[in-house]
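Note that full-length UniProt numbering has the sequence shown beginning at 1, numbered continuously upward. Idealized CB from N, CA, C, for every residue including glycine. Taking it in order: structure first as structure tokens, then the write-up.
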Amino acid sequence: MIELKTPSEVAAMKTAGRFVGSILQELKETTKVGTNLLEIDDLVRRRIEGRKGAESCYVNYAPDFGTGPFKHYICTSVNDAVLHGVPYDYNLKDGDLVSLDLAVSVDGWCGDSAVSFVVGGDPDPSDLALIACTEEALAAGIAAAQSGNRLGDISAAVGDVAHEHGYTVNMEFGGHGIGHVMHGDPFVPNDGKAHHGYKLRPGLTIAIEPWFMKTTDEIYQDAKDGWTLRSVDGSTGAHSEHTIAITENGPEILTLRK
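So this is what it looks like as structure tokens:
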């Protein structure tokens with residue numbers, strides 16, 4: 001069921017969103033060559049435990065698309081991993097493309113956001129282009145999230161950017177409604193038909209999350225951890241995400257970073 005939030009509820013979600021954004025900003029600034037993925041997970045744990053009213057949306061989360069409950073505080077996807085990456089004992093190497101996806105509840109309201117970047121001083125230009133495409137697609141999707149538009153306008157805007165840059169789009173996972181729960185209605189695909197679907201109304205809160213892979217749109221689930229989604233051809237993936245609110249004055253980003 002799609003739920004619309006009151007202005008005070010949107011303000012409460014902004015508190016959660018800014019907390020998520022602050023953690024991701026800290027991680028982007030401090031993650032470097034040699035950083036261990038478990039160190040990233042531990043930092044997030046400490047930030048959540050140090051914030052009154054904050055709870056992880058991931059620990060013990062057990063949806064039907066994973067294998068058993070998730071045991072960590074953040075998703076860390078590296079190179080050919082693009083979604084749901086499980087932190088493990090791995091020290092990042094020069095040129096690794098890292099996607100960090102974080103969702104936290106503060107006082108019962110959720111914020112969800114993701115960022116991708118390359119560590120080290122020798123990035124592959126094609127990786128930077130892929131990341132930039134997800135960021136451009138996210139901005140286009142947010143710009144289309146106007147009251148009176150349709151859900152398909154957001155999806156079409158995201159997909160159009162991907163196609164313009166030569167990437168194909170996987171439709172299995174995408175954006176979603178968010179509020180008291182991390183994943184709710186409506187589903188927000190990363191491609192679609194403009195002027196179709198649910199009519200956007202003030203108070204609707206959704207996460208928009210373009211994720212693309214360099215040379216494929218097909219993924220498989222890593223059997224070792226039962227969660228991490230990887231490209232079938234080994235090409236890198238990137239992921240950008242913000243939680244937003246539809247308002248009468250246009251879309252408002254609730255998970256802003258610096």
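Figure out for me which residue from the options has the closest Cα to the Cα of residue i.
{"i": "Val115", "options": "His242, Gly250, Thr247 and Asn249", "result": "His242"}
{"i": "Ser155", "options": "Tyr220, Val188 and Ala16", "result": "Val188"}
{"i": "Gly174", "options": "His183, Tyr167 and Asp41", "result": "His183"}
{"i": "Tyr73", "options": "Asp101, Val82, Leu204 and Asp124", "result": "Asp101"}
{"i": "Gly121", "options": "Gln221, Glu172 and Leu97", "result": "Leu97"}
{"i": "Ser172", "options": "Asp94, Arg47, Leu138 and Glu209", "result": "Sequence check: residue 172 is Glu here, not Ser. That would be Glu209, whose Cα lies nearest to the Cα of Glu172."}
{"i": "Val82", "options": "Asn170, Asp160, Asp41 and Lys224", "result": "Asn170"}
{"i": "Met1", "options": "Glu248, Ala62, Thr205 and Ile244", "result": "Thr205"}
{"i": "Pro123", "options": "Ala139, Gly95, Glu164 and Leu138", "result": "Gly95"}
{"i": "Arg201", "options": "Val232, Ala54, Thr31 and Ile246", "result": "Ile246"}
{"i": "Trp211", "options": "His163, Lys32, Val104 and Tyr198", "result": "His163"}
{"i": "Asp222", "options": "Phe117, Arg18 and Val78", "result": "Val78"}
{"i": "Ser99", "options": "His196, Gly50 and Leu37", "result": "Leu37"}
Residue i: buried (16+ other C-beta within 10 angstroms of its C-beta) or exposed?
{"i": "Asp191", "result": "buried"}
{"i": "Tyr90", "result": "exposed"}
{"i": "Gly68", "result": "exposed"}
{"i": "Ser8", "result": "exposed"}
{"i": "Gly141", "result": "buried"}
{"i": "Tyr58", "result": "buried"}
{"i": "Pro87", "result": "buried"}
{"i": "Asp80", "result": "buried"}
{"i": "Asn60", "result": "exposed"}
{"i": "His176", "result": "buried"}
{"i": "Gly166", "result": "exposed"}
{"i": "Gly108", "result": "exposed"}
{"i": "Gly17", "result": "buried"}
Keeping to the same chain, check which residues put their C-beta closer than 6 Å to that of residue i; ignore five residues upstream and five downstream.
{"i": "Ala194", "result": "Gly152, Asp153 and Ala156"}
{"i": "Gly203", "result": "Leu4 and Lys5"}
{"i": "Gly66", "result": "Trp227"}
{"i": "Val136", "result": "Contrary to the premise, residue 136 reads as Glu rather than Val in this sequence. Val161."}
{"i": "Cys75", "result": "His84, Gly85 and Asp101"}
{"i": "Leu130", "result": "Lys214 and Ala238"}
Is it the case that the Cβ atoms of residue i and residue j are separated by a distance below 7 Å?
{"i": "Gly179", "j": "Glu3", "result": "yes"}
{"i": "Thr236", "j": "Asp127", "result": "yes"}
{"i": "Val106", "j": "Thr15", "result": "yes"}
{"i": "Glu248", "j": "Ser147", "result": "yes"}
{"i": "Ala145", "j": "Ile244", "result": "yes"}
{"i": "Ala62", "j": "Val104", "result": "no"}
Give the straight-line distance between the Cα atoms of residue i and residue j, rounded to the nearest whole angstrom.
{"i": "Gly234", "j": "Lys71", "result": "25 Å"}
{"i": "Ser113", "j": "Ala207", "result": "8 Å"}
{"i": "Lys258", "j": "Glu252", "result": "15 Å"}
{"i": "Lys52", "j": "Thr255", "result": "18 Å"}
{"i": "Ser56", "j": "His239", "result": "20 Å"}
{"i": "Cys110", "j": "Ala11", "result": "12 Å"}
{"i": "Val158", "j": "Pro125", "result": "22 Å"}
{"i": "Ser231", "j": "Lys224", "result": "15 Å"}
{"i": "Arg45", "j": "Gly250", "result": "34 Å"}
{"i": "Tyr220", "j": "Arg47", "result": "32 Å"}
{"i": "Thr134", "j": "Asp41", "result": "24 Å"}
{"i": "Met13", "j": "Thr31", "result": "27 Å"}
{"i": "Ile27", "j": "His196", "result": "The amino acid occupying residue 27 in the given sequence is Leu; Ile does not appear at that position. Near 38 Å, if we compare the C-alpha coordinates of His196 and Leu27."}
Once you ignore the five residues that flank residue i on each side, which residues in its own chain have a CB closer than 7 Å to its CB?
{"i": "Asp217", "result": "Thr168, Val169 and Asn170"}
{"i": "Asn149", "result": "Leu200"}
{"i": "Val33", "result": "Leu92, Lys93, Asp94, Val119 and Gly120"}
{"i": "Asp185", "result": "Met1, Ile2 and Gly177"}
Take residue i and list the residues in its own chain whose beta-carbon comes closer than 8 Å to its own, dropping the five residues that flank it on each side.
{"i": "Leu138", "result": "Val158, Ile208, Glu209, Pro210, Ser240, Glu241 and His242"}
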